[in-house]
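To convert a position in the sequence shown, counted from 1, into our numbering, add 46.
Built from N, CA and C at the ideal position, the CB exists for glycine as well.
Only a predicted model underlies this, so the values are computations on that prediction, with no experimental measurement involved.
To start, the structure itself, in structure tokens.
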Amino acid sequence: MTSQSILPLELRAVNFEVQGKRLIKDVSCTFEQNLRSIIIGPNGAGKSLFLRLCHGLLQPVSGQIIWQGGGDRDSARQQAMVFQRPVMLRRSVRANVDYALSIRSVARPEREAIIDEVLQRTGLSRFADYPAHALSYGEQQRLALARVWALKPQILFLDEPTASLDPPATHLVEQIIEAIHVAGTRIVMTTHDLGQARRIADEVLFMHRGRLLEHAPADQFFDKPKNEHARAFLGGELLWWHPKHPLHKPGSKKEICQ
Numbered sequence: 047m048t049s050q051s052i053l054p055l056e057l058r059a060v061n062f063e064v065q066g067k068r069l070i071k072d073v074s075c076t077f078e079q080n081l082r083s084i085i086i087g088p089n090g091a092g093k094s095l096f097l098r099l100c101h102g103l104l105q106p107v108s109g110q111i112i113w114q115g116g117g118d119r120d121s122a123r124q125q126a127m128v129f130q131r132p133v134m135l136r137r138s139v140r141a142n143v144d145y146a147l148s149i150r151s152v153a154r155p156e157r158e159a160i161i162d163e164v165l166q167r168t169g170l171s172r173f174a175d176y177p178a179h180a181l182s183y184g185e186q187q188r189l190a191l192a193r194v195w196a197l198k199p200q201i202l203f204l205d206e207p208t209a210s211l212d213p214p215a216t217h218l219v220e221q222i223i224e225a226i227h228v229a230g231t232r233i234v235m236t237t238h239d240l241g242q243a244r245r246i247a248d249e250v251l252f253m254h255r256g257r258l259l260e261h262a263p264a265d266q267f268f269d270k271p272k273n274e275h276a277r278a279f280l281g282g283e284l285l286w287w288h289p290k291h292p293l294h295k296p297g298s299k300k301e302i303c304q
């Protein structure tokens, strides 16, 4: 399951719209190898759309998304995505991982060894023969991570993977994500949890209203962000109330609905 590197991933002036409404606006950035990128921003910033564009689930209306090595087929096989709500196949925990490996034409003896390893590393070995849909939400999220870990992707996109988890379950998922990264997978992840962003990020991308307003090393971003909206966001302000927000009108009740 090895091949030439598909990284870095470069986005050039990417735009995306639905029914004529521009939701991602002229976004350009590059994801180099061996980093953990955390994407933050208020609701509606375009974070999830951004991930789906990178992963290939959506196509931009203009601009380019460029993988460094290989064609579309190679890049598709060397990346993976975990969603906020994990999708479970109606079969056992073990069979969920086995299916992911089988469609990559991994030989059965090798599949069995890989399955045992990833279930052990994600703390799911004792649930191997359970129906996947019988797992708790946190356990299902760990199973989703086990499936992608088995494939050893070069880059993993994660859309708020701990959004509905309690602190202990969040900690377990963060540990698994870190282990996947240490094993050689590039991480690109969205979160609303600033504490989590500080714990995980090597670099931070701040998005607001479909634009990428800042892309900086994590320590630099959290210590002294350059963008005024990023500073307001870190300070806990509601950005639609920010004095320079284009929709801000002092005293207007409509502000809170934008």
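task: Using three-state DSSP, classify Gly109 as helix, strand or coil.
output: Here residue 109 refers to the residue found at position 63 when the sequence shown is read from its first residue. Looking at Gly109 - three-state DSSP - the assignment turns out to be strand.
- prompt: What three-state label does DSSP hand Leu251 in the structure shown?
  reply: Reading the sequence shown from its first residue, position 205 is the one you call residue 251. Three-state DSSP puts Leu251 in a strand.
message: Spatial neighbours of Pro106 within its chain, please: C-beta separation below 8 Å, excluding the five flanking residues on both sides.
response: As a working note, residue 106 is residue 60 in the sequence shown. Contacts found: Val60, Asn61, Phe62, Ile70 and Leu99.
- prompt: DSSP state of Asn142, grouped into three classes?
  reply: In the sequence shown, counting from the first residue as 1, residue 142 sits at position 96. Three-state result, Asn142: helix.
message: Do Ile201 and Gly115 have their beta-carbon atoms positioned less than 7 Å apart in this structure?
response: Against the sequence shown, residue 115 aligns to sequence position 69. Against the sequence shown, residue 201 aligns to sequence position 155. Contact: no.
message: Any contact between the segment 214 to 224 and the segment 184 to 191? By contact I mean 3 or more CB pairs, one from each, below 8 Å.
response: yes
field: Inter-residue CB distance, Ile84 and Ala247 (contact presumed, cutoff 8 Å)
entry: Here the question's residue 84 lines up with position 38 in the sequence shown. Here the question's residue 247 lines up with position 201 in the sequence shown. Right, the Cβ-Cβ distance comes to about 4 Å (below 8 Å), so this counts as a contact.
- request: Give the straight-line distance between the Cα atoms of Leu191 and Ile226, rounded to the nearest whole angstrom.
  value: By 1-based counting over the sequence shown, the position of residue 191 is 145. By 1-based counting over the sequence shown, the position of residue 226 is 180. Taking the straight line joining both Cα atoms gives about 9 Å.
message: Does the contact criterion of 3 or more C-beta pairs under 8 Å hold for the segment 205 to 212 versus the segment 157 to 176?
response: no
- request: From the DSSP output, in three-state form, read off Phe62 for me.
  value: For the purposes of this step, residue 62 is taken as residue 16 along the sequence shown, with counting starting at 1. The answer is strand: DSSP assigns Phe62 an E or B state.
query: CA-CA distance, Ile302 and Leu284?
result: Your numbering for residue 302 matches position 256 in the sequence shown. Your numbering for residue 284 matches position 238 in the sequence shown. Caution applies to Ile302, whose pLDDT of 29 falls short of 50 and renders its modelled position unreliable; the model cannot decide the point.
query: Tell me the DSSP bridge mates of Val133?
result: What you label residue 133 is simply residue 87 of the sequence shown in a count that begins at 1. BP columns for Val133 are empty, so no partner.
- request: Apply the 10 Å Cβ neighbour rule to Gly92 and answer buried if 16 or more other Cβ atoms are within range, or exposed otherwise.
  value: By one-based count along the sequence shown, residue 92 stands at place 46. It counts as buried.
Reduced DSSP category for Glu56 - H, G, I as helix; E, B as strand; rest coil: The sequence position of residue 56 within the sequence shown is 10, counting from 1. Here Glu56 sits in strand by DSSP.
query: Under 7 Å, do Leu259 and Asn273 count as touching if we go by C-beta distance?
result: Counting from 1 along the sequence shown, the entry for residue 259 is found at position 213. Counting from 1 along the sequence shown, the entry for residue 273 is found at position 227. Result yes, Cβ atoms of Leu259 and Asn273 sit closer than 7 Å.
CA-to-CA distance, Lys67 to Val194, given in whole angstroms: In the sequence shown, residue 194 corresponds to position 148, counting from 1. In the sequence shown, residue 67 corresponds to position 21, counting from 1. Going from the Cα of Val194 to the Cα of Lys67 covers about 33 Å.
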